[in-house]
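Student:
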Amino acid sequence: MEAPLMCGIDLPARTIVSVANEEATQFVVGSLGLKAENQLVLLEVDDEFSQITNTVFPHVCGEMWALAAHPARPDVVATCFLATDSGGGVRAGAKLWRFGGDRLEALADFSLPEGAQKADAISLSRSGTKAGVTSDHAISFFSLADDGIQTERTESVEYKKLGALTWNPQTSGIAIAADSSILCIDTRSFETQNVIGAYSRVRHVDFNPNVPTYLASAGDDGAAIWDLRNSSYPVATLSDHLHWVWNARYNPIHDQLLLTSGSDAKVFLHCLASLSSDETQEEEGAERLPDGRLDSVEDHEESVYGCAWASSDPWIYASVSYDGRVILSRVRREHKYRILQI
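Numbering (the numbering used here), first residue to last: -18 to 323.
(1) Do Ala158 and Val138 count as a contact pair if the criterion is CB distance below 8 Å?
(2) Using only alpha-carbon positions, find the residue among His222, Phe249, Ile(-10) and Gln237 that is nearest to Ser257.
(3) What's the call for Leu321, buried or exposed, on a 16-neighbour Cβ count within 10 Å?
(4) Based on the DSSP output, what are the partners of Gln20 in its beta bridges?
(5) Going by alpha carbons, who is nearest to Val0 out of Leu24, Leu270 and Thr135?
(6) Spatial neighbours of Val71 within its chain, please: C-beta separation below 8 Å, excluding the five flanking residues on both sides.
(7) By Cβ distance below 8 Å, which residues in the same chain neighbour Thr110 in space, the five residues on each side in sequence not counted?
(8) Any idea if Glu3 is buried or exposed, counting beta-carbon neighbours within 10 angstroms, 16 or more meaning buried?
(9) Ignore the nearest five residues each way along the sequence and tell me which others in Thr261's own chain have a CB closer than 7 Å to its CB.
(10) Is it buried or exposed, Asn211, if we count other Cβ atoms within 10 angstroms and call 16 or more buried?
(11) Got a sec? Which residues, its chain only, sit under 6 Å from Phe249 by beta carbon, not counting five neighbours each side?
(12) Please state whether DSSP places His316 in a helix, a strand or coil.
(13) Cα separation between Asp294 and Thr6?
(14) Within 10 Å of its beta-carbon, does Ala53 have 16 or more other beta-carbons around it, so buried, or fewer, so exposed?
(15) Quick check on Leu309: does DSSP put it in helix, strand or coil?
(16) Do Ala75 and Val26 count as a contact pair if the criterion is CB distance below 8 Å?
(17) For Asn35, collect the residues of the same chain with a Cβ closer than 7 Å to its Cβ; drop the 5 residues on either side in sequence, then sort them by chain order.
(18) By the DSSP assignment, the beta strand (DSSP E) with Glu44 in it spans what residues?
(19) Once the 5 residues before and after Glu(-17) are set aside, which same chain residues still bring their CB inside 6 Å of it?
(20) Give me whichever residues DSSP pairs with Gly74 in a beta bridge.
(21) Could you tell me which uninterrupted beta strand (DSSP E) segments, each at least 3 residues in length, are contained entirely in the segment 203 to 255, listed from first to last along the chain?
(22) Going by Cα to Cα distance, which pick from Ser292, Leu196, His40 and Ser244 is closest to Arg79?
(23) For Glu264, collect the residues of the same chain with a Cβ closer than 6 Å to its Cβ; drop the 5 residues on either side in sequence, then sort them by chain order.
(24) Just to confirm, is the Cβ distance from Leu48 to Gly81 under 8 Å?
(25) Kindly indicate which three-state DSSP category Leu15 falls into: helix, strand or coil?
(26) Under 6 Å Cβ to Cβ from Leu(-14), same chain only, skipping five residues before and after it: list those, please.
(27) For the beta strand (DSSP E) holding Thr135, just list the boundary residues, first then last.
(28) Can you grab the Cα-Cα spacing for the pair Ala102 / Thr194, in whole Å?
(29) From the DSSP output, in three-state form, read off Ser(-8) for me.
(30) Could you check how far apart the C-beta atoms of Ala329 and Leu13 are, in whole angstroms? I think they sit under 8 Å.
(31) Let me know the secondary structure DSSP gives Leu93 once reduced to three states.
(32) State buried or exposed for Asp83, treating a residue as buried only when at least 16 other CB atoms are found within 10 Å of its CB.
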């Protein structure tokens, strides 16, 4: 395996996202410090994959529990946070920011339901014109424009807790982690199209970018792939992790690649060629990369709560553990060449 790159931030962290910058490979990490001033840290790796530089932006609103990067604007990011007021109380919030020089410029606030204890997740649509935020037992939808954020609707859902959500990149649907279930909802009508009953707590969901009927989930009993056309049982299960799995993320281009990260301080790169959009390899006589684990990152020492694929380079991925350690890795050349049929 090619040697990964490693750096650290000064505070605990749970969240990392890729920046949609076509000219540079960048990630943003959000910190989770209880006492020190929290930070958004912009990381950039050079073209030779030899060095990481970072730029620190103070996040005056407190500890960050969720991040979302704008899919088209590299200078815009959204955060879900818990802020402490002067009286010692805690306030939940979500806000849209722009990187400006050495500081963050607040663009607009997402209006949460009255009494919301915490904003758990935020996700922007592929166009960047819509956003969804889960908070406690509700999900709120927003429209984003240059003149601000407008609340479209807020719906309560009868589940103990709503967590991660993701937009289907090819339809108007979203998927939400809800206790030990996954809710698939049409955002135009808010009709529930599918309820997938997982076997334990679901912590993350992600749609296949090329096959809209496939959905990956991460949870307390591992990761799984679901076919929305018949979701009674998963079409594949991944049991590599020894503890809870916090993330399952498809490669944005090569959907046979899936990342998972977990509380066992590990990150795994999986191949799911048999469940991908790449259906031509066998017909052309090329040797397909087999299903299974391709690689692992084992240099973290604490729970790996976040992982992400680079937007500018589909062969680079990053992970962050609770102690603030960030590791950038690359898909091995032999795997890359077999996927590209070189």
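The beta carbon of each residue, even a glycine, is placed where N, CA and C say it ideally should be.
Quantities reported herein were computed from a predicted structural model and do not represent experimental measurements.
Tutor: Answer, in terms of the structure:
(1) Working through the sequence shown from its first residue, we reach residue 138 at position 157. Working through the sequence shown from its first residue, we reach residue 158 at position 177. Not a contact, by the Cβ cut-off of 8 Å.
(2) Position 276 of the sequence shown holds residue 257. Cα-wise, what sits closest to Ser257 is Gln237.
(3) For the purposes of this step, residue 321 is taken as residue 340 along the sequence shown, with counting starting at 1. Exposed is the call here.
(4) Your numbering for residue 20 matches position 39 in the sequence shown. Per DSSP, Pro39.
(5) Start at 1 with the first residue of the sequence shown, and residue 0 comes out as number 19. For Val0, the nearest C-alpha among the options comes from Leu24.
(6) What you label residue 71 is simply residue 90 of the sequence shown in a count that begins at 1. Around Val71: Leu63, Ala64 and Thr65.
(7) Stepping through the sequence shown from its first residue, residue 110 is reached at position 129. Contacts found: Ser124, Leu125 and Ala126.
(8) As a position in the sequence shown, residue 3 is number 22, starting the count at 1. It counts as exposed.
(9) What you label residue 261 is simply residue 280 of the sequence shown in a count that begins at 1. Legend: pLDDT at Thr261 = 47, less than 50; position of this residue unreliable, value from coordinates given subsequently. Nothing meets the Cβ criterion.
(10) As a first step, residue 211 must be located in the sequence shown, where it is residue number 230. Classification of Asn211: exposed, given that the 10 Å Cβ count is below 16.
(11) On the sequence shown, position 268 is the one that residue 249 refers to. Counting only Cβ-Cβ distances below 6 Å, and skipping sequence neighbours, we find Asp221, Thr241, Arg274 and Ser277.
(12) In the sequence shown, the residue the question calls residue 316 occupies position 335. Looking at His316 - three-state DSSP - the assignment turns out to be helix.
(13) For this step, residue 294 is matched to residue 313 along the sequence shown. For this step, residue 6 is matched to residue 25 along the sequence shown. Going by the C-alpha atoms only, they are around 7 Å apart.
(14) Looking up residue 53 in the sequence shown gives position 72. Exposed, because fewer than 16 other Cβ atoms sit within 10 Å of the Cβ of Ala53.
(15) Residue mapping note: residue 309 aligns to position 328 of the sequence shown, counting from 1. Reduced to three states, the DSSP call for Leu309 is strand.
(16) Here the question's residue 26 lines up with position 45 in the sequence shown. Here the question's residue 75 lines up with position 94 in the sequence shown. Cβ atoms of Val26 and Ala75: not closer than 8 Å.
(17) As a working mapping, residue 35 is identified with position 54 in the sequence shown. Taken in chain order, the residues that qualify are Cys(-12), Val22, Leu23 and Leu24.
(18) As a working mapping, residue 44 is identified with position 63 in the sequence shown. First-last of the beta strand (DSSP E) with Glu44: Glu44 to Ala50.
(19) Walking along the sequence shown from the start, residue -17 turns up at place 2. Once the five neighbours on either side are set aside, the close Cβ partners of Glu(-17) are Arg311.
(20) Counted from its first residue, the sequence shown places residue 74 at position 93. Paired residues: Phe62.
(21) 203 to 208, 217 to 219, 226 to 231, 238 to 243 and 248 to 252
(22) Taking the first residue of the sequence shown as 1, we reach residue 79 at position 98. With distances taken between Cα atoms, Arg79 lies closest to His40.
(23) In the sequence shown, the residue the question calls residue 264 occupies position 283. In this prediction, Glu264 scores a pLDDT of 49, lower than 50, which makes its location untrustworthy; the coordinate-derived value is nonetheless stated afterwards. Excluding residues within five positions, none has a Cβ falling inside 6 Å.
(24) Your numbering for residue 48 matches position 67 in the sequence shown. Your numbering for residue 81 matches position 100 in the sequence shown. Cβ distance not < 8 Å, so Leu48 and Gly81 don't count as in contact.
(25) The residue you call residue 15 lines up with position 34 of the sequence shown. Coil.
(26) Numbered from 1 along the sequence shown, position 5 holds the residue referred to as residue -14. Ile33 and Leu309.
(27) Position 154 of the sequence shown, counted from the start, is the residue given in the question as residue 135. Gly129 to Ser137 is the span of the beta strand (DSSP E), which, as asked, contains Thr135.
(28) Within the sequence shown, numbered from 1, the residue matching residue 102 stands at position 121. Within the sequence shown, numbered from 1, the residue matching residue 194 stands at position 213. Cα to Cα, Ala102 sits roughly 22 Å from Thr194.
(29) Translated into positions along the sequence shown, residue -8 becomes position 11. The sequence given here places Leu at residue -8; Ser does not occur at that position. The three-state reading of DSSP puts Leu(-8) in coil, since its state is none of H, G, I, E or B.
(30) A query on residue 329 cannot be resolved here, the shown segment of the chain reaching from -18 to 323 and no further.
(31) Counted from its first residue, the sequence shown places residue 93 at position 112. Here Leu93 sits in coil by DSSP.
(32) Here residue 83 is taken as the residue at index 102 of the sequence shown, counted from 1. By the neighbour-count criterion, in which a residue is buried when 16 or more other Cβ atoms sit within 10 angstroms of its Cβ, Asp83 is exposed.
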